[in-house]
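Residue 308 is where the sequence shown ends in UniProt numbering, and the numbering goes up by one at each step.
Backbone N, C-alpha and C define an ideal beta-carbon position, used for all residues, glycine too.
No experiment lies behind these values; they were computed from the predicted model shown.
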Amino acid sequence: MIPRKLVIATRASSLAVKQSEYVRERLLNIYPDLIINILTVVTKGDRILDRALSKVGGKGLFVKEIELAIRSGQADFAVHSMKDIPAETDDDLDVCSILERENPSDVFVSNNFKSIEDLNHNCIIGTSSLRREAQIKSFSSNLVVQSLRGNINTRLDKLDAGHYDAIILAAAGLKRLNLDSRIRQYIDYDIVLPAVAQGALGLQIMKHRDDLRILLSHLSCRNTTICVSAERAVLRILGGSCQIPIASNAKIVADKIFLRSLVSSVDGKHIVRAEGSACLSEAISLGENLAEQLLLKGADKILSSFVK
Numbered sequence: 001m002i003p004r005k006l007v008i009a010t011r012a013s014s015l016a017v018k019q020s021e022y023v024r025e026r027l028l029n030i031y032p033d034l035i036i037n038i039l040t041v042v043t044k045g046d047r048i049l050d051r052a053l054s055k056v057g058g059k060g061l062f063v064k065e066i067e068l069a070i071r072s073g074q075a076d077f078a079v080h081s082m083k084d085i086p087a088e089t090d091d092d093l094d095v096c097s098i099l100e101r102e103n104p105s106d107v108f109v110s111n112n113f114k115s116i117e118d119l120n121h122n123c124i125i126g127t128s129s130l131r132r133e134a135q136i137k138s139f140s141s142n143l144v145v146q147s148l149r150g151n152i153n154t155r156l157d158k159l160d161a162g163h164y165d166a167i168i169l170a171a172a173g174l175k176r177l178n179l180d181s182r183i184r185q186y187i188d189y190d191i192v193l194p195a196v197a198q199g200a201l202g203l204q205i206m207k208h209r210d211d212l213r214i215l216l217s218h219l220s221c222r223n224t225t226i227c228v229s230a231e232r233a234v235l236r237i238l239g240g241s242c243q244i245p246i247a248s249n250a251k252i253v254a255d256k257i258f259l260r261s262l263v264s265s266v267d268g269k270h271i272v273r274a275e276g277s278a279c280l281s282e283a284i285s286l287g288e289n290l291a292e293q294l295l296l297k298g299a300d301k302i303l304s305s306f307v308k
C-alpha cells in the first residue's frame, strides 16, 4: 500500500535541500497525490566548521543525525549524497535506491586562472577534502593547499573575497545549484580522481519498510547503482572513510565496468593506484579485488597513519 504522506530527512544546506526537492519532484511526477514534506537536520559535520573534517574524527559525520530522524519516525526516508555514507552501514537501515549520477568530476573554480595547470608558484588553492589535497600536492609541490569549509556559497564567497586563488569543488553540487557557470575546468582524472560515489544520491529507509522500497525503486538507476557498488566495495575493504585520501571511480562501457582507484598519503608523496575491468555482474568483486591490489602495493602502510 502506497503511503499518502511522506517526510524526507536531509541536511540543512541549500544543496541538500535542493537535492531533496529534486527527489520530491520526481516522486510527485509518478505519484501526484502524495504529500511530501522535507525535514532539515543539522549534522555534526555541519556544526563543526572551525577545523578540517579529518581532525574531527569518526565516520558518518553528515548522516548520523539524519539516520536518527528515520529511526525515531520523524522522517520516512533520507536523501544522502552517497559519498557521505560510510562503507559499513547499520543493519536496520538500507539504501534502497540510488539515482542517476550527476557528473562525478572535481572542478577548478577561479576568478583569475583558467585551469589548475595555469596556477603560479605559491598560489593558494582551497579544498575541504584530504583526497583532493593529497592529489593536488602530488600534481604540484609548488601550490599552497589550505582548508576550506562551509557550504558551496560560503566557499565561493571566500574565493571572491580573495582568500584563495582557486578552489576545488564537486561538479555535481555546482550543477545542481545552477552554479555551473563558475566552473573553469573539469579536472582530469589523472590529476584528481573523484571520491567514492561522488555525484550520486542515495535514498535510505528502515530495512523493514517494504512499502517505501517499492515506491522509491522507480527512481533507481541501474548503471549508477552498479558503479557505486564497485566503488564502495573498494572503500569497504580498505576500511576508509571520506576523511581519508581514497579515490575511486567506475564507468560502464557496453557490457563491462571499468574501475580506477587510489590511496594517497596526505602530502601526496606516496600514491598507490590500481585499475581493472569486469562484466557488470562482477562489479563488487572487481572493487574488492582492486582494494586487495592496493593493499599489496602498500596502501596498508599509508592507511595505518590515519586514525580509523
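In this structure the segment 268-286 does not touch the segment 159-172; the number of beta carbon pairs closer than 8 Å is below three.
By the neighbour-count definition (other C-beta atoms within 10 Å, threshold 16), ARG260 is a buried residue. Along the length of the segment 108-180, whole alpha helix (DSSP H) runs at least 4 residues long occupy 130-139, 152-160, 171-176, reported in chain order. Judged by DSSP in its simplified three-state form, GLN74 adopts coil rather than helix or strand. Under the DSSP definition of a beta bridge, PHE258 partners with LYS251, SER277. Between ARG26 and ASP300, the alpha-carbon positions lie close to 42 Å from each other. For ARG11, the enclosing beta strand (DSSP E) begins and ends at 5-11.
Counting every other CB atom within 10 Å of its CB across the protein chains shown gives SER181 a total below 16, marking it as exposed.
With 16 or more other Cβ atoms from the protein chains shown falling within 10 Å of its own Cβ, HIS80 counts as buried. Looking from the CA of SER129, the closest CA among VAL196, VAL7, ASP190 belongs to VAL196.
Taking every protein chain shown into account, the CB of CYS279 has fewer than 16 other CB atoms within 10 angstroms, so this residue is exposed.
The Cβ-Cβ distance between CYS221 and ALA250 does not fall below 8 Å. The shortest C-alpha to C-alpha distance from ALA254 to any of SER248, ASN223, THR40 is the one to ASN223. Between the beta-carbon of ILE36 and that of LEU6 there is about 5 Å, and that keeps the pair under the 8 Å contact cut.
The alpha carbon of ARG236 has as its nearest neighbour, out of VAL266, GLU133, SER285, the alpha carbon of SER285. Straight across, the Cα-Cα distance linking ASN289 with VAL192 is about 22 Å. In the structure shown, ASP300 falls within a helical segment according to DSSP collapsed to helix, strand and coil. Annotation for GLY287: no beta strand (DSSP E) segment contains it, though the alpha helix (DSSP H) segment containing it runs 283-294. Secondary structure note for CYS96: its beta strand (DSSP E) is the uninterrupted segment 93-98. Between the C-alpha atoms of GLN204 and GLN146 there is a straight-line separation of about 33 Å. In the DSSP assignment, ILE214 falls within the alpha helix (DSSP H) that extends over 210-216.
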